[in-house]
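The sequence shown begins at 9 in our numbering and counts up one residue at a time.
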Amino acid sequence: MAAWASIGIAQIPNGGFEAWEDAPLGDYQEPTGWVTLNGLSALVPGSPMSCEQGSPGAAGSYYATVTTVNITGFGLIPGVIYTGDEMTGTMGFAYSARPNTFSAQLQYAINPGDAGMVAAYFTKWNPVTQHSDSVGIAVVQLSGSAGAWVPYNVPVQYYLPVYPDTAHVVVVSSMNSPVAGSFVKVDDLGFDGVAAVAEQSASAVKLYPSPTTGPVQVTADRAIGRVSVVDLTGRTVMEHNVGAARQVDLDMARLQTGRYLVQLQFVDGGRQVRTVVRQ
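Written out as structure tokens, the structure is:
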């Protein structure tokens, strides 16, 4: 049992991937409480699955392997899983705490030119805008490989001094230019610690407005080298080489409605991720 389980903070449903169930429309299994892209593989007999059960886990009996696969008729499909209910279309799960950190145990092999990611983000419904505001995010960005379980414990960056009502967790094996065979093995996901609202300082990176019908202004307190916009399937839908600016204007008008991750790569080598909603 992971150490964070003893502190009493609400946890990620099936964050240890111990529960698996038969898919409603196919001869394969899915991790309970998670949405995968295995349905695409099931449409083409003999295709590899992008999410599979592995054993033994880093903690417990099982883990999930998320892999970028090549499916005839669809091409390269990034391995993606996220918390939710495929049958109802629900994304995320009810969550009202402000954890200090997001933890995971990972193995991975990300092919050259590719990048993987494991992230948790928190939202709160805004009755005025009729959309969910981004409250905070914690991101593990992956490159290279790790052949043994590596524990991660990353801080949650908060944007708003409020408590969320929903948490989301997503695992992606390919973020930028998908390469077949890139994979992430994931287990023992959890939250740790409780952050009071008053403890959080303003973020040095700001996106405005969100939600947006198109234009988004990104500002930072240091020089930005590259900006990438990624949808929740791991597909890069927009990318800009900025040079060394501290402000970037994005036009998301051509993108479909939904939530996107905005990845910032700074000139000094640092990285940050923010979320934005296309209305």
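We treat Cβ as the ideally placed atom computed from N, Cα and C, and that holds for glycine.
8 Å Cβ shell around residue i - same chain, five flanking residues per side excluded
i    : result
S69  : E26 and S63
T109 : A146, N161, V162, P163, V164, F199, D200 and G201
R254 : T227, A228, D229, R230, A231 and I232
For residue i, the three-state DSSP class (helix, strand or coil)
i    : result
G189 : coil
G47  : helix
E94  : coil
V52  : coil
G68  : coil
L263 : coil
Q202 : The displayed chain sequence assigns Val, not Gln, to residue 202. V202 falls in the coil class under three-state DSSP.
P163 : strand
Y171 : coil
D30  : strand
V284 : strand
Q138 : coil
Y36  : coil
I145 : strand
L240 : coil
F25  : coil
Beta-carbon proximity list for residue i, same chain, < 6 Å, skipping 5 on both sides
i    : result
T98  : G92
V270 : V237, R282 and V284
R230 : F274
Y216 : Q225
T299 : Shown here, the chain extends from 9 to 287; a query on residue 299 therefore has no answer.
L150 : Y116, I118 and G124
P159 : Q113
Residue environment, residue i, which counts as buried when at least 16 other CB atoms sit within 10 Å
i    : result
A210 : Since pLDDT at A210 reaches only 46, below the 50 mark, its modelled position is unreliable, and no value is offered.
S218 : buried
E38  : buried
V281 : buried
E207 : Confidence at E207 is low in this model, with a pLDDT of 47, below 50, so its placement is unreliable and the value that follows should be read with caution. Exposed, because fewer than 16 other Cβ atoms sit within 10 Å of the Cβ of E207.
A252 : exposed
E60  : buried
T73  : buried
V52  : exposed
S185 : exposed
G277 : exposed
R106 : buried
P120 : exposed
G266 : exposed
Q19  : buried
T96  : exposed
P32  : exposed
G65  : buried
Y171 : exposed
G155 : exposed
Cα-Cα separation between residue i and residue j, rounded to whole angstroms
i    : j    : result
N249 : D259 : 15 Å
N134 : V180 : 28 Å
A117 : S153 : 4 Å
S104 : H176 : 12 Å
Y167 : R286 : 18 Å
G54  : A128 : 32 Å
V136 : G222 : 19 Å
D122 : L263 : 23 Å
K193 : V88  : 12 Å
R279 : L240 : 18 Å
Rounded distance between the beta-carbons of residue j and residue i, thought under 8 Å
i    : j    : result
F130 : V143 : 4 Å
Q225 : W157 : Rounded, the Cβ-Cβ distance is 41 Å, inconsistent with contact.
T75  : S58  : 6 Å
M246 : M183 : Actually they are not in contact, since the Cβ atoms of M246 and M183 sit about 13 Å apart, beyond 8 Å.
Y36  : N22  : Rounded, the Cβ-Cβ distance is 17 Å, inconsistent with contact.
T326 : A102 : This structure gives no information on residue 326, because the portion of the chain shown stretches from 9 to 287.
R243 : P86  : 7 Å
Chain-order list of residues whose beta-carbon lies under 7 Å from that of residue i (same chain, five-residue window excluded)
i    : result
N78  : L84 and A188
G309 : Given that the chain is displayed from residue 9 to residue 287, the structure contains no residue 309 and the question cannot be resolved.
D3   : Within the shown structure, residues of the chain are numbered from 9 to 287, placing residue 3 beyond reach of any answer.
Minimum Cβ-Cβ distance from residue i to chain B less than 8 Å
i    : result
S218 : Absence of chain B from the displayed structure is noted, only one protein chain being present.
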